[in-house]
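Under the numbering used here, the residues of the sequence shown are numbered 157 to 353, in order.
Where is the CB? At the ideal position from N, CA and C, for every residue including glycine.
Fair warning: this is a prediction, and the values are worked out from it, not measured in the lab.
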Amino acid sequence: MVMHARSGGNLEVMGLMLGKVDGETMIIMDSFALPVEGTETRVNAQAAAYEYMAAYIENAKQVGRLENAIGWYHSHPGYGCWLSGIDVSTQMLNQQFQEPFVAVVIDPTRTISAGKVNLGAFRTYPKGYKPPDEGPSEYQTIPLNKIEDFGVHCKQYYALEVSYFKSSLDRKLLELLWNKYWVNTLSSSSLLTRQVC
């Protein structure tokens, strides 16, 4: 997922996740990219993407993969992990027809600059539900051009606890990503652009 998100550059990308449920835990085992049209602010799945999803899942079953579609992911390059209004609508629709289902947002820019995966997992509240006021949530920076969309929809979903398990191949891939992109990340860091000479 991280490599797919990074491959999109400044454009959002989207994919589907396969996994299983164990008690109250959703375990993501695999993912695949979807052929979607992304922009710098949104990603939209068209009919071809839905046909691709169905064919991929059917083919996975034919080769013995037992996991089901358990969620979708997309990237927010450089602007954090949260759900926009379009994301909230997409997730509500998915939860209505494919329960349980999770939305994951990956920020590939922050992943590379921090040297660790920056992602959030989310589920939406039922329509009309008013969540209790829990006070301040975990702090994250949201770019000014995104803050309105963030604020309007932030009470329609909640974050899930995320934990990771990595194979030795996963570790190697993350190391290769860091080695390839760390110079680009350093040279495009917002810390450097704010420095006063």
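Item	Value
Where does M159 fall in DSSP's three states?	helix
P256: which of S187, G271, G220 and I226 sits nearest, CA to CA?	I226
Apply the 10 Å Cβ neighbour rule to Q247 and answer buried if 16 or more other Cβ atoms are within range, or exposed otherwise.	buried
So what's T349 in DSSP terms, helix, strand or just coil?	Here the model assigns T349 a pLDDT of 42, short of 50, so the residue's position is not dependable, and the following value carries that caveat. Three-state DSSP puts T349 in a helix.
Quick one: is A315 near chain C, going by C-beta distance under 8 Å?	The structure shown contains no chain C; it is built from a single protein chain.
Taking S245 as part of the alpha helix (DSSP H), name the residues at either end of that continuous run.	G241 to F253
Using the DSSP secondary-structure output, state which residues sit across from T181 in a beta bridge.	D178
Please determine, among T267, D186, M209 and V261, the residue with the shortest C-alpha to C-alpha distance to R279.	V261
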